[in-house]
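Report on the structure given below.
Protein chains: 2
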Amino acid sequence: MFDELCPSSYNPIRFGDKWAALILACLEHGPRRFSELRVPLARVTPKVLTQSLRSLERDGMVKRTVYAEATPHVEYELTPLGRSLLGPLAVACAWTREHWDELLDARDAYDHAASEDRRAG
Amino acid sequence: MFDELCPSSYNPIRFGDKWAALILACLEHGPRRFSELRVPLARVTPKVLTQSLRSLERDGMVKRTVYAEATPHVEYELTPLGRSLLGPLAVACAWTREHWDELLDARDAYDHAASEDRRAG
DNA sequence: GGCCCTGGTTACCCCGGGGATACCGGCTAT
DNA sequence: ATAGCCGGTATCCCCGGGGTAACCAGGGCC
Chain A
1 MFDELCPSSY NPIRFGDKWA ALILACLEHG PRRFSELRVP LARVTPKVLT QSLRSLERDG
61 MVKRTVYAEA TPHVEYELTP LGRSLLGPLA VACAWTREHW DELLDARDAY DHAASEDRRA
121 G
Chain B
122 MFDELCPSSY NPIRFGDKWA ALILACLEHG PRRFSELRVP LARVTPKVLT QSLRSLERDG
182 MVKRTVYAEA TPHVEYELTP LGRSLLGPLA VACAWTREHW DELLDARDAY DHAASEDRRA
242 G
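Chains as they are written, first to last, in this note's numbering: chain A, 1 to 121; chain B, 122 to 242.
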C-alpha cells in the first residue's frame with residue numbers, strides 16, 4: 001500500500017518528522033524490533049531513528065516494549081492512535097501516486113521560466 | 122471545513138511548509154489578492170507569505186496573475202492540482218479534529234512519566 | 001511635490017532537524 | 001577472555017526554514 005514512500009521532504013503531504021511516515025508503514029503489519037526497522041531504513045542513522053521513534057512514542061502513535069528475557073530485545077508497535085493515521089497516510093500516498101508527475105512537471109516549468117527571466121534581465 | 126487549521130508545526134499531518142495548508146484553505150472559495158491573504162494570515166510576515174506562495178506556485182498548486190489595469194493588483198488562485206489537495210487536506214483536518222485531544226493526552230503522559238523517571242534517577 | 005496603496009524585496013539572525021562518526025553497557029555463546 | 005549482537009548515546013557540525021525590521025518602485029490622487 002505504501003510502496004512508493006519516500007522521505008517526507010520530497011512530498012507536499014508529510015506526517016511527523018522526516019522519517020515518520022516510513023516508520024508507520026514499516027509497523028503496519030505488526031511489531032518490529034529496532035534492528036528490523038534499520039533494514040528498510042538503512043539510510044537513517046540510529047540516532048535519528050531513535051529520535052523519530054521517541055517522538056512517535058511521545059505522541060502516542062507507537063508503543064515501545066522492552067522484553068528482558070534470556071535474549072533481551074525491544075519491540076515497537078502501532079497503538080490504535082497510530083493505526084488511525086494509516087487511513088490519512090493511504091490517502092496521501094494515493095494523491096502522490098496520482099499527481100507526482102504533474103508536480104514535477106510544474107517545478108520544471110517554473111524553474112525553466114525563472115532561468116529564462118534571469119537571462120532576459 | 123478547515124475552521125480549526127493551525128500552523129502546520131502543531132499537526133502530525135502537514136502540507137508543504139508551515140503556512141501552506143492555511144493558504145490553501147484561504148484560496149478554497151476563489152481567488153484572493155496578496156493583501157486579502159494577509160488578513161487571515163496576520164501573523165505571517167510579507168516575506169514569509171511570499172516565500173510560501175512562490176513555493177506553492179512552483180509546485181503548480183497556485184496560479185499567480187498580475188492585473189496591470191488602472192489599479193494594478195495581483196491575484197492568487199488554486200490550480201486544479203492545488204484543488205486536488207483539498208480532499209487529502211479535509212481528511213487530515215478530520216483526523217486532527219477526532220484525535221487531537223488523544224494526542225495531547227499522550228504527550229502529557231509521556232512528559233510526566235519522563236520527569237518522574239528523572240526524579241527517580 | 002508629497003503621500004498612500006499595492007505587492008513585494010533586502011539584510012540579518014536564530015534555532016532546531018538531522019547528518020557523520022564514534023563510542024557504550026549488558027548479555028550470551030564459545 | 002573475548003567476540004558478538006542488541007539497542008542505543010555522545011559529540012560535533014551544517015544547513016535551511018522562518019522570524020524581525022527596514023526599505024522600495026510604480027501608479028493614483030490631491
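For glycine and all other residues, C-beta sits at the position ideal for the given N, C-alpha and C.
Owing to the predicted nature of the structure, the values given are computational and were not obtained by experimental measurement.
Would you call the CB atoms of residue i and residue j closer than 8 Å?
i                 : j                 : result
THR79 of chain A  : VAL62 of chain A  : yes
LEU41 of chain A  : LEU53 of chain A  : no
GLU75 of chain A  : PRO46 of chain A  : no
ILE144 of chain B : TRP216 of chain B : no
ASP59 of chain A  : ALA227 of chain B : yes
SER8 of chain A   : ALA21 of chain A  : yes
GLU178 of chain B : TYR110 of chain A : yes
LEU81 of chain A  : HIS220 of chain B : yes
VAL91 of chain A  : VAL212 of chain B : yes
Verify the CB distance criterion: does residue i have a CB-CB separation below 8 Å to chain A?
i                 : result
GLU198 of chain B : no
TRP140 of chain B : no
Relative to the C-alpha of residue i, which residue among the options is closest?
i                 : options                                   : result
GLU102 of chain A : B:TYR231, B:CYS214 and B:LEU206           : B:LEU206
HIS194 of chain B : B:PHE136, B:GLU149 and B:GLU157           : B:GLU157
THR192 of chain B : B:ARG204, B:ARG154, B:ARG218 and B:LEU225 : B:ARG154
ASP108 of chain A : B:SER176, B:TYR131, B:VAL212 and B:ASN132 : B:SER176
Is the shortest distance between the beta-carbon of residue i and the beta-carbons of chain B less than 8 Å?
i                 : result
LEU37 of chain A  : no
HIS99 of chain A  : yes
ARG107 of chain A : yes
ARG43 of chain A  : no
PHE34 of chain A  : no
LEU103 of chain A : yes
Within the present structure, is the beta-carbon of residue i separated from the nearest heavy atom of the ligand SAM by less than 7 Å?
i                : result
LEU81 of chain A : For the ligand SAM, the structure offers nothing, since it holds no ligand at all.
(request) Any chance you could list the beta strand (DSSP E) runs of at least 3 consecutive residues sitting entirely within the segment 177-226 of chain B, in chain order? (result) 183-188 and 194-199
(request) Give the residues from the segment 166-195 of chain B that approach chain A closer than 8 Å (Cβ to any Cβ), ordered along the chain. (result) GLU178, ARG179, ASP180, GLY181 and MET182
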